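Novice: Take this structure, written in structure tokens, and hold onto it; I'll ask about it next.
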Amino acid sequence: MKRFAPLSLGVALAALTALPASAQDRVQIEWWYAVNGRLGDLAQEIITRFNASQDQYEVVGTYKGNYEESMAAMVAAYRVGQQPTILMAAERGFMTMLNSGAVVPVNQLMAAQGYDVDWDDFIAPVAGFYVVDGEPAALPFNSSTPILWYNADQFRAAGFDGPADTWQELEQQLYTLKAQGISECPMVLNGDFQWGMLENYSAINDMPWGTKANGFDGLDTEFVYNTTGVVDQATRMGKWMEDGVLHLAGEGMNPQQMYIAETCATLIASTAGHAGVEQGAQFDWSATYLPHEAGITPKNSTIGGGALWVVNGKSDAEYAGAAAFLNFVSSPELQSWWSGETGYVPVTNTAYETMRDAGYFEAHPTREIAILQLSRGTPSDNSRGFRFGNHNQATAILVEEMQAIWTGQKTAQQALDSAVARGNDILRQYERIHAGR
Amino acid sequence: MLAAKSGSTITGGAPSRPFSALWARIMRAQQNAAVNGLKTTHFRKPGVAFWLLAPQALILLFFFYIPAYKALSLAFVETDPFGLSVIFVGFDNFTRLFASPAYRASAVLSLVFTLVQSVLTLGLATALAFATDRVVRGQAFFKGVILLPYAIAPVASGTIFAFMFNPNVGPMAHMLHAMGLPWNPAMRPLDAQVLVVMAAVWNHLCYDYIFLVAALLSVPRSLMEAAALDGAGAVKRFFTVSLPIIMPTFFFLMIMNLIYGLFDTFGLIETMTRGGPAAATNTLVYKVYQDGFVQLDLGSSAAQSVVLMGIAMAFTILQFRAVERRVNYTG
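Residue numbers (our numbering), protein chains in the order written: chain A, 99 to 535; chain B, 183 to 513.
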């Protein structure tokens with residue numbers, strides 16, 4: 099073996115000197131994303147495909163933690179000039195990114211780099227959220243919306259075809275599942291329950307979350323959800339919790355795992371859960387639309403998930419690469435592949451039609467729920483989405499106050515009053531800082 | 183370069199060439215000091231002292247003074263996360279903080295948590311150290327088992343505790359349920375607080391333990407034998423002979439425990455409760471992280487860290503002034 103050592107060393111050296119030569123020609127573009135697990139692997143696969151598709155640019159993708167963590171990393175990096183070229187940020191951080199003064203609007207970037215993007219092709223609920231004054235601020239990429247996941251085996255065992263359309267009937271079904279001993283945990287509360295069970299509840303039932311069209315019409319918006327049906331919904335959640343119908347996973351456990359392991363019968367969570375459920379569930383799993391109040395016509399649900407933002411302060415070559423990558427990402431082929439693999443909504447009509455015409459949704463009916471629910475009816479001021487400054491902060495406060503309901507410290511009304519009062523302080527602070535922008 | 187060179191000087195014994203001049207000067211200064219009968223060493227040129235202090239000063243500069251300056255400068259402004267618009271607001275961040283019920287609750291929680299944790303840790307560590315002293319066979323094994331948790335990072339032990347006591351799947355939680363206890367740290371604030379205290383005690387016990395074992399070894403055998411001959415039992419000997427002698431260690435550990443409880447339990451809380459439920463475990467340090475790094479409210483977070491800086495300074499003064507003067511080896 100020893101004799102071969104110099105030879106293999108020579109080969110290794112040759113390989114080493116060869117590598118930088120090819121890497122040097124390529125412009126490196128940093129992309130920070132906020133999805134991990136199976137979704138993170140798929141994001142890496144997009145990068146591999148892009149890098150293999152051309153020889154000018156090399157995208158380097160890094161997982162920087164969840165949406166909040168990657169936003170914090172981005173802020174810290176920006177302050178010292180180490181920012182990435184592309185950042186994946188959540189819809190909750192929309193106003194923070196939009197008014198940051200740290201981004202390049204994507205349509206300006208694409209136009210400057212000579213790409214002709216058909217912005218009208220983006221599906222209405224996605225475009226309605228990301229287009230500000232006719233200009234798309236970020237490239238919609240991994241858009242999602244919450245849906246109701248359920249265990250079809252357990253619903254059948256209780257004598258139901260599937261979950262009911264209204265909260266009132268669903269309540270009876272869940273109590274039946276528990277009473278008949280079919281499931282000890284009829285529903286598990288997801289980590290982002292404020293999105294699936296409160297904000298989207300408000301939108302679907304056409305209730306205002308805040309004034310000024312939920313913040314679309316100005317920074318001087320105020321939260322009002324403590325005066326609407328959201329209070330009843332919070333009360334209902336408290337009651338379910340007390341009766342052991344709604345369970346908390348607790349730290350160390352993932353709510354989706356508890357659904358996949360058949361511990362819990364239902365879960366209200368993002369359509370992006372498809373990636374994990376399809377891989378793990380060993381039972382007849384299914385999903386359906388979110389419930390609504392009895393006697394109303396449900397509106398559309400609101401958009402969640404992430405979009406790709408282009409950060410300012412980078413070189414022209416990097417922007418050329420970023421534009422090429424965004425162009426690659428928004429192509430119908432990649433969009434339909436990404437949507438098919440992950441469960442995220444296909445963000446362009448072309449991608450959606452490509453999947454529909456290929457018969458994808460007949461084979462995978464639960465994949466179409468999100469997009470149909472997002473485009474249901476005519477959006478009202480209450481269902482178009484949420485544009486509140488520092489929404490991360492207001493959300494954290496809402497979650498903390500909601501917890502006070504099930505720890506028995508506050509009634510639903512008290513908790514939401516407090517969440518609104520504290521949330522409005524945050525909105526006023528945001529308004530002060532961003533006055534005149 | 184500087185650190186590497188001076189390091190080789192110390193380990194190698196003989197000074198390396200570029201520093202031999204400096205070394206000679208130091209030796210001369212020491213000789214002068216001996217001749218003149220001065221207590222402290224004097225340098226003719228202050229430059230030498232400056233270079234000797236430089237490495238430590240640089241570390242302090244980058245890891246203490248600059249961050250402290252940043253925190254101070256942010257504590258008096260309202261700003262967007264990217265720092266592009268900054269409004270000077272004077273003491274507004276502080277008045278807002280002290281007027282906030284959430285912050286006051288967090289302060290009370292931190293105080294109670296730290297005290298309970300310190301008393302429990304120190305009490306248990308003392309009992310174990312006393313027991314170790316009495317163990318004849320397998321002492322090394324006994325010590326090893328108790329010291330083991332210190333090798334585990336707080337995040338790792340937090341994850342283990344969170345899983346073991348998870349109300350749905352945790353084996354310890356099942357045991358508690360079987361005993362008829364409604365254990366659920368996700369819904370019952372007290373359970374969450376108990377969980378954090380347990381993990382913190384378990385994690386920090388070994389630190390106190392090893393100091394106390396070492397201190398007990400330093401108790402003169404002759405005193406113990408004399409006490410035994412006078413008819414004092416093991417427990418009485420411990421309280422009347424050993425404990426007064428190890429008092430300095432005891433007080434040192436008390437301060438270290440308070441500092442640990444206040445500042446170093448972040449990893450445990452992040453992995454076990456995330457400050458919940460309903461802010462039941464949201465200590466001052468965790469709140470700085472939450473407000474600053476998750477929610478990007480930099481002004482308030484900076485004001486909070488300035489308050490914490492004040493607390494840390496108070497502890498340091500307490501340790502230097504009160505403890506080191508009043509506790510002595512003859513006590």
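Glycine included, every Cβ here is placed at the ideal spot set by N, Cα and C.
Keep in mind it's a predicted model, so treat the numbers as computed, not measured.
Suppose only complete runs of 4+ residues qualify. What are the alpha helix (DSSP H) ranges in the segment 359-415 of chain B, listed by chain order?
Specialist: 371-399 and 403-411
Novice: Near B:Met406, which residues of its chain fall below 8 Å by C-beta distance, leaving aside the five closest residues on each side in sequence?
Specialist: If the five residues before and after B:Met406 are omitted, its C-beta is found closer than 8 Å to the C-beta atoms of Arg419, Val423 and Ser424, all from its own chain and listed in chain order.
Novice: Ignore the nearest five residues each way along the sequence and tell me which others in A:Pro238's own chain have a CB closer than 7 Å to its CB.
Specialist: Phe220, Val224, Tyr228, Ala405 and Val445
Novice: Looking at the secondary structure, which residues open and close the alpha helix (DSSP H) in which A:Phe239 lies?
Specialist: Per DSSP, A:Phe239 belongs to no alpha helix (DSSP H); it is in the beta strand (DSSP E), Leu237 to Ser242.
Novice: Residue ranges of each beta strand (DSSP E) run of no fewer than 3 residues wholly in the segment 354-388 of chain A, ordered along the chain?
Specialist: 362-368 and 383-386
Novice: When burial is assigned at 16 or more other CB atoms within 10 Å of the CB, is A:Gln206 buried or exposed?
Specialist: exposed
Novice: Is there a Cβ from chain B that is less than 8 Å from the Cβ of A:Arg530?
Specialist: yes
Novice: Please confirm whether B:Arg286 has its beta-carbon closer than 8 Å to some beta-carbon of chain A.
Specialist: No, its Cβ sits nowhere closer than 8 Å to a Cβ of chain A.
Novice: By DSSP, does A:Val158 sit in helix, in strand, or in coil?
Specialist: strand
Novice: Scan the segment 345-360 of chain B for residues whose Cβ lies nearer than 9 Å to a Cβ of chain A and list them as they occur along the chain.
Specialist: Phe345, Met346, Phe347, Asn348, Pro349, Asn350, Val351, Gly352 and Ala355
Novice: Which residues in chain A have a C-beta closer than 7 Å to the C-beta of B:Phe475? List them in chain order.
Specialist: Ala170
Novice: Out of curiosity, what's the CA-to-CA distance linking A:Ser281 and A:Ser368?
Specialist: 22 Å
Novice: Have a look at B:Tyr391, B:Gly272 and B:Gln375 and flag the residue whose alpha-carbon is nearest the alpha-carbon of B:Asn439.
Specialist: Between B:Asn439 and the set B:Tyr391, B:Gly272 and B:Gln375, the nearest pair of CA atoms involves B:Tyr391.
Novice: Quick one: measure Cβ to Cβ for A:Gly411 and A:Gln181, integer angstroms, because I've assumed they're closer than 8 Å.
Specialist: Going by Cβ atoms, the distance from A:Gly411 to A:Gln181 rounds to 6 Å, so yes, they are a contact pair.
Novice: Would you decide whether B:Tyr332 is buried or exposed? Buried here means 16 or more other CB atoms lie within 10 Å of its CB.
Specialist: exposed
Novice: Given this structure, state the Cα-to-Cα distance separating B:Trp205 from B:Pro228, to the nearest angstrom.
Specialist: 14 Å
Novice: Thinking C-alpha only, which one of A:Met351, A:Thr361, A:Cys362 and A:Phe381 is nearest B:Met454?
Specialist: Shortest Cα-Cα distance from B:Met454 to any of A:Met351, A:Thr361, A:Cys362 and A:Phe381 involves A:Met351.
Novice: In chain A, which residues lie less than 7 Å from B:Phe244 when you measure between Cβ atoms?
Specialist: Within chain A, no residue comes near B:Phe244; the closest Cβ sits about 14 Å away, beyond 7 Å.
Novice: Using only the alpha-carbon positions, how far apart do A:Asp263 and A:Ala392 sit?
Specialist: 8 Å
Novice: Mapping the DSSP letters down to three states, classify A:Thr446 as helix, strand or coil.
Specialist: strand
Novice: Going along the chain, which residues of the segment 170-203 of chain A sit with their C-beta nearer than 7 Å to a C-beta in chain B?
Specialist: Listed by position along the chain: Ala170, Val173, Tyr176, Arg177, Thr194, Ser198, Gly199 and Ala200.
Novice: On the CB-based measure, 16 or more other CB atoms within 10 Å of its CB, does A:Met295 come out buried or exposed?
Specialist: buried
Novice: For the beta strand (DSSP E) that contains A:Glu128, what are its first and last residues?
Specialist: Val125 to Tyr131
Novice: Can you pull the chain B residues whose beta carbon is under 8 Å from the beta carbon of A:Asn490, in chain order?
Specialist: Val476, Gln477 and Leu478
Novice: If you measure from the beta carbon of A:Gln335 to each beta carbon in chain B, is any gap under 8 Å?
Specialist: For the sequence presented, residue 335 of chain A should be read as Met rather than Gln. No, A:Met335 does not count as interfacial toward chain B.
Novice: By the DSSP assignment, the alpha helix (DSSP H) with A:Val173 in it spans what residues?
Specialist: Where A:Val173 is concerned, the enclosing alpha helix (DSSP H) stretches over Tyr165 to Arg177.
Novice: Along the chain, where does the alpha helix (DSSP H) that runs through B:Met454 open and close?
Specialist: Phe448 to Met454
Novice: Taking A:Asn298 as the reference, which of A:Tyr387, A:Gly159 and A:Met208 has the closest Cα?
Specialist: A:Tyr387
Novice: Would you please state the rounded distance, in angstroms, between the beta carbons of A:Gln471 and A:Ser399? I believe it to be under 8 Å.
Specialist: 5 Å
Novice: Taking contact to mean at least 3 C-beta pairs separated by less than 8 Å, is the segment 458-477 of chain B in contact with the segment 400-416 of chain B?
Specialist: With fewer than three CB-CB distances shorter than 8 Å, the segment 458-477 of chain B does not count as touching the segment 400-416 of chain B.
Novice: So, helix, strand or coil for A:Thr319, using DSSP?
Specialist: Correct three-state label for A:Thr319: coil.
Novice: Please report the straight-line C-alpha distance between A:Arg526 and A:Met193, rounded to a whole angstrom.
Specialist: 14 Å
Novice: Among the candidates A:Trp293, A:Asn480 and A:Gly342, whose CA atom is the shortest distance from the CA of A:Ala277?
Specialist: A:Gly342
Novice: Starting from the beta carbon of B:Phe264, find every residue of chain A whose beta carbon is closer than 8 Å, and list them in chain order.
Specialist: Val173, Tyr176, Arg177, Ser198, Gly199 and Ala200
Novice: I need the DSSP call for A:Ala119, collapsed to helix, strand or coil.
Specialist: With a pLDDT of 42 at A:Ala119, under the threshold of 50, the modelled position of this residue cannot be trusted, and the question is left open.
Novice: Output needed for A:Thr395: all residues of its chain with C-beta closer than 8 Å, excluding positions within five of it in sequence on either side, in chain order.
Specialist: Gly475, listed in sequence order.
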